[in-house]
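Asker: Please see the structure below; I have some questions.
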Amino acid sequence: MHFSGQPGGSSALRSRSSPGSHQIRCVRAAAAPAPPRAGGAAGQQPPARGVASRSTCHGRAAAAALAALLALGSPQQQALAEAAPPAQLERSAAPAPSPGALLLDDARAAGVLRALPAPPRTAPPLPRIARQDIRRSVLPNGLRLLLLRDPQVPLVRGTLLLAGGQSASPADKVGLASIAAEVQRAGGSAVHPGDALDERLEDLAAAIEAVAGPRAVSVEFECASEDAAEVLSLVGELAAAPAFPAERLAVVKQQVLESLSHRDDVASSVARRELRKIMLGPDSLWARTPTPAGVASITDADLRAWWAEWERPDAAVLAVVGDFEADEMAAAAARALGGWAPAPGQPLAPRPVPGAGVEAAAAAAAAAAAGERSQAGGGAGVVWLVDRPGAAQASVATGEPGVSLTHPDAARLSALNSVLNSFGGALFDELRTREGLCYSVSGGWELPFDHEGAFLAAGETSQPALFLKELRRVLAAATEAPPPAERLARAKQERINSFVFNFATPAAQLQRAAAYELLGVPEGFLYNFRDSLQAVSAADVAAAAARHLHPYGQPAVVVADAAAAAPALRAAGFEVRPLALERYD
Numbered sequence: 045m046h047f048s049g050q051p052g053g054s055s056a057l058r059s060r061s062s063p064g065s066h067q068i069r070c071v072r073a074a075a076a077p078a079p080p081r082a083g084g085a086a087g088q089q090p091p092a093r094g095v096a097s098r099s100t101c102h103g104r105a106a107a108a109a110l111a112a113l114l115a116l117g118s119p120q121q122q123a124l125a126e127a128a129p130p131a132q133l134e135r136s137a138a139p140a141p142s143p144g145a146l147l148l149d150d151a152r153a154a155g156v157l158r159a160l161p162a163p164p165r166t167a168p169p170l171p172r173i174a175r176q177d178i179r180r181s182v183l184p185n186g187l188r189l190l191l192l193r194d195p196q197v198p199l200v201r202g203t204l205l206l207a208g209g210q211s212a213s214p215a216d217k218v219g220l221a222s223i224a225a226e227v228q229r230a231g232g233s234a235v236h237p238g239d240a241l242d243e244r245l246e247d248l249a250a251a252i253e254a255v256a257g258p259r260a261v262s263v264e265f266e267c268a269s270e271d272a273a274e275v276l277s278l279v280g281e282l283a284a285a286p287a288f289p290a291e292r293l294a295v296v297k298q299q300v301l302e303s304l305s306h307r308d309d310v311a312s313s314v315a316r317r318e319l320r321k322i323m324l325g326p327d328s329l330w331a332r333t334p335t336p337a338g339v340a341s342i343t344d345a346d347l348r349a350w351w352a353e354w355e356r357p358d359a360a361v362l363a364v365v366g367d368f369e370a371d372e373m374a375a376a377a378a379r380a381l382g383g384w385a386p387a388p389g390q391p392l393a394p395r396p397v398p399g400a401g402v403e404a405a406a407a408a409a410a411a412a413a414a415g416e417r418s419q420a421g422g423g424a425g426v427v428w429l430v431d432r433p434g435a436a437q438a439s440v441a442t443g444e445p446g447v448s449l450t451h452p453d454a455a456r457l458s459a460l461n462s463v464l465n466s467f468g469g470a471l472f473d474e475l476r477t478r479e480g481l482c483y484s485v486s487g488g489w490e491l492p493f494d495h496e497g498a499f500l501a502a503g504e505t506s507q508p509a510l511f512l513k514e515l516r517r518v519l520a521a522a523t524e525a526p527p528p529a530e531r532l533a534r535a536k537q538e539r540i541n542s543f544v545f546n547f548a549t550p551a552a553q554l555q556r557a558a559a560y561e562l563l564g565v566p567e568g569f570l571y572n573f574r575d576s577l578q579a580v581s582a583a584d585v586a587a588a589a590a591r592h593l594h595p596y597g598q599p600a601v602v603v604a605d606a607a608a609a610a611p612a613l614r615a616a617g618f619e620v621r622p623l624a625l626e627r628y629d
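Position in the sequence shown (first residue = 1) + 44 = our numbering.
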C-alpha cells in the first residue's frame with residue numbers, strides 16, 4: 045500500500061533553447077589549400093594541421109570545459125596541473141591527435157583521481173516535511189472549497205470531486221457512471237456545447253477532463269492563471285447544466301462495446317477478474333463488470349437521471365492549487381459554482397454511496413456457494429480452470445476477502461506486503477530465484493479506506509500445479525513464524541520512505557486532502573498510519589497473518605491450456621472445475 049491518496053492529473057512544461065543559452069563553440073583554424081590525396085576525388089582537401097571536425101572539436105572543448113569546472117577555484121587545481129604531463133604550447137603545429145590519444149593514460153588518470161575530494165560517506169539529513177497551508181471554506185450551497193497557493197509557475201490546476209462514482213451505477217447498467225462522465229465532458233453544456241467548449245479551451249490552451257472512479261467522479265482542469273475564472277465558469281456549466289447529447293452517447297457506447305470485445309485478451313486480467321467474482325460474489329461492487337447488454341440499454345435519460353441523483357454541490361469538493369490570490373480565487377469559485385443547486389425533486393440531503401448493504405448481500409450469496417471453496421485440510425483446494433488452447437504460459441490468481449485501511453491490523457498487513465514482494469521479498473526469492481517457477485509473482489492486501497479490500501496473489505508460470513502448491517507453502521510460512529528481522533526492517537523502511545512522495549508537489553497534497561474530505565478521512569490519518577507502521581514488530585506481522593491469511597482455503601483461478609494443465613493439477617491434489625467465460629459475440 046502506498047501512502048498516497050487519489051491519483052491526479054499531471055502536466056508537462058516544454059522548454060526551448062533560447063538565443064542566450066550558453067554554448068561551447070569550436071572555431072576552425074584557417075589553412076591553405078593542399079593538393080588532393082592520391083586516389084581522392086578532385087577538389088577534396090585533407091584537413092589542415094590543427095583543424096579538427098566540428099564534432100571532434102566540440103567533444104574536445106566539452107571535455108576541457110568539464111575538467112576546468114572540476115578544478116576551477118578548488119584546492120585541487122594545482123594538484124591537477126602537477127599530475128598532468130607537460131603540454132606543448134604550439135598545438136597548431138602538431139598533428140591532430142586521434143580520438144584514442146584523447147583518453148588519459150593510467151598514470152595521469154590515477155593522479156587526477158587522487159586529486160579529487162573523497163566522496164561523502166553519509167547522506168545529508170532530509171528536510172522536514174511541512175504541511176501545506178490549505179485554506180478551507182464552504183459555499184452557501186454546501187460545496188466544500190480547498191485552496192492552496194503555489195506561485196512557482198503561472199498555472200492553476202483544480203479538481204471537482206463528486207460523490208458516487210462507479211459504485212453508484214445500477215446493477216443492471218454497470219458502467220453508467222463512467223459513460224455519464226465521458227459524455228458530460230464530450231457533450232459540453234447548454235451554453236457551450238461540445239465543439240464550442242473544445243474550441244474555447246483550445247483558444248485558452250486549457251484542459252478539462254472528467255472520469256469516474258470507484259467512489260467519485262473527478263472533473264479536472266488546468267489553465268493559465270489569468271484564465272482561471274473563465275475555466276472555472278466552464279466547469280460550473282458542466283456540473284450544473286450538462287447537455288448529454290444523444291449523438292455523443294452513441295459514440296461513447298460504441299467505444300465501450302469495442303473495449304468489451306477485447307476484455308479477455310490478457311490472461312492475467314481474466315484470472316483476477318474471475319477470482320473476484322468467485323470470492324466476493326458476482327454482484328459485489330468490486331467484482332461486477334459491464335456487459336454488452338447493459339451498456340447497450342443505457343439512454344440519455346439514464347445519464348440525466350444519474351446526474352440528477354448524484355451530482356450536487358453538497359456532496360462535492362472543489363480543490364484548486366496554483367498561482368493565485370486566495371480571496372480572488374474564492375470569489376471566482378463562488379461566481380462559477382455558487383448558483384449550482386441539487387436538481388429539482390431531489391432530497392434535501394445527498395444519498396449515501398452504496399456500500400455495506402450491497403456487499404453484505406453479495407458476500408452472503410458467495411458464502412451460499414460454499415462448495416465452490418475448499419476449507420483448510422480438505423484437500424489441496426479448488427482450482428477454476430479457464431481453457432486457453434495453445435497457451436505456453438499459465439496465469440494463476442488466488443485470494444480471499446480482506447480488510448480496510450481502518451482495521452487495527454492494516455499497518456501490520458501493509459508491512460507484510462513488503463515482506464512478501466519486490467526484489468528480496470519472500471515470494472520473489474522462493475518462487476523465482478530459488479525454484480525458477482515463474483518470472484513474475486506478487487501477493488498482498490488491497491487496503492482501501494472506505495470498504496473491505498481483498499488479498500490477492502498471482503503469477504505467470506509454465507507449471508501452474510507446482511507453482512500454486514509452492515505459492516501456498518510460502519504464504520502459509522508467513523502465518524507460522526515471524527519474518528526475519530532484517531527483511532522486516534527493510535520492508536518497513538521501504539514503506540516509511542515512500543511517505544515522502546505524498547508531499548512531492550503541492551498539487552499532490554491538495555488532491556489527497558480533497559479525497560480525504562470527500563471520504564471523511566481524518567486529516568491526520570496519514571501520519572497516524574506511518575507511526576503505526578513504525579511500531580510494527582515481527583511478532584505483530586506473524587499474528588496478523590495468522591488472523592487474515594488462509595492460503596489452503598483460498599479459491600484459485602488458472603488460465604491455461606486445459607489439456608496440458610488439468611492432469612498436473614489433479615495429480616497435485618487439486619479439484620479442477622472448468623470455468624467458461626461469458627461470450628459477447
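Think of the CB as a built atom: it goes at the ideal place given N, C-alpha and C, for glycine as much as any other residue. These numbers come from a predicted model, not from an experiment.
In the DSSP assignment, find the alpha helix (DSSP H) that holds Leu-319 and state where it starts and stops.
Answerer: 311–324
Asker: Quick one: is Asp-309 buried, meaning 16 or more other Cβ sit within 10 Å of its Cβ, or exposed?
Answerer: exposed
Asker: Leaving out the 5 sequence neighbours to the left and right, which residues in its chain are closer than 6 Å to Glu-21 when beta-carbon positions are compared?
Answerer: The chain is shown from 45 up to 629; residue 21 falls before or after that span and cannot be answered.
Asker: If the criterion is Cβ atoms closer than 8 Å, does the pair Ala-610 and Val-603 meet it?
Answerer: no
Asker: Where Ser-576 and Ile-540 are concerned, what is the direct C-alpha to C-alpha distance, given to the nearest angstrom?
Answerer: 10 Å
Asker: For Ile-173, does the three-state DSSP call read helix, strand or coil?
Answerer: coil
Asker: Would you say Ala-501 faces chain C, with C-beta separation under 8 Å as the test?
Answerer: The displayed structure is made up of one protein chain only, and chain C is not part of it.
Asker: Out of Arg-531, Ala-529, Met-373 and Tyr-571, state which residue places its alpha-carbon closest to the alpha-carbon of Val-544.
Answerer: Nearest option by C-alpha distance: Tyr-571.
Asker: Can you name, in chain order, every residue of its own chain whose Cβ lies under 7 Å from the Cβ of Ser-484, other than the five neighbours on each side?
Answerer: Gly-503 and Glu-504
Asker: Going by other Cβ atoms of all chains shown within 10 Å of its Cβ, with 16 needed for buried, is Pro-527 buried or exposed?
Answerer: buried
Asker: Pick helix, strand or coil for Trp-330, following the three-state DSSP scheme.
Answerer: coil
Asker: What does the alpha-carbon distance come out to for the pair Ala-590 and Ala-548?
Answerer: 36 Å
Asker: With H, G and I counted as helix, E and B as strand and the rest as coil, what does DSSP make of Ser-277?
Answerer: helix
Asker: Starting from Ser-181 and walking both ways along the beta strand (DSSP E), at which residues does that stretch end?
Answerer: 179–182
Asker: Have a look at Leu-491 and Gly-208 and give me their C-alpha separation to the nearest angstrom.
Answerer: 20 Å
Asker: Could you pull out every residue in the same chain whose Cβ sits closer than 8 Å to the Cβ of Ala-414, ignoring the five residues on either side in sequence?
Answerer: Confidence is the limiting factor: at Ala-414 the pLDDT is only 42, short of 50, which leaves the residue's position unreliable, though a coordinate-based value still follows. Result list for Ala-414: empty, nothing under 8 Å.
Asker: Start and end of the alpha helix (DSSP H) containing Ala-376?
Answerer: DSSP places Ala-376 in the uninterrupted alpha helix (DSSP H) bounded by 370–381.
Asker: Tell me the residue span of the alpha helix (DSSP H) that contains Asp-247.
Answerer: Asp-247 -> alpha helix (DSSP H) spans 238–248.
Asker: Take Pro-595 and list the residues in its own chain whose beta-carbon comes closer than 6 Å to its own, dropping the five residues that flank it on each side.
Answerer: Arg-516, Leu-519 and Ala-520
Asker: Would you please state the rounded distance, in angstroms, between the beta carbons of Ala-315 and Val-218? I believe it to be under 8 Å.
Answerer: Contact flag wrong, Cβ pair sits at about 20 Å.
Asker: When DSSP labels each residue in this structure, what does Val-397 get in the three-state scheme?
Answerer: For Val-397, the three-state secondary structure derived from DSSP is coil.
Asker: Just list the residues that DSSP pairs Pro-622 with in beta bridges.
Answerer: Pro-622 is bridged to Leu-429.
Asker: Quick check on the DSSP output: the beta strand (DSSP E) that includes Ser-486 runs from which residue to which?
Answerer: Element bounds for Ser-486: 485–489.
Asker: Which residue from Gly-238, Gly-280, Ala-294 and Val-426 puts its Cα closest to that of Leu-206?
Answerer: Gly-280
Asker: Rounded to whole angstroms, how far is the Cβ of Gly-446 from the Cβ of Phe-499, which I believe are closer than 8 Å?
Answerer: 5 Å
Asker: With DSSP collapsed to three states, give me the class of Ile-342.
Answerer: coil
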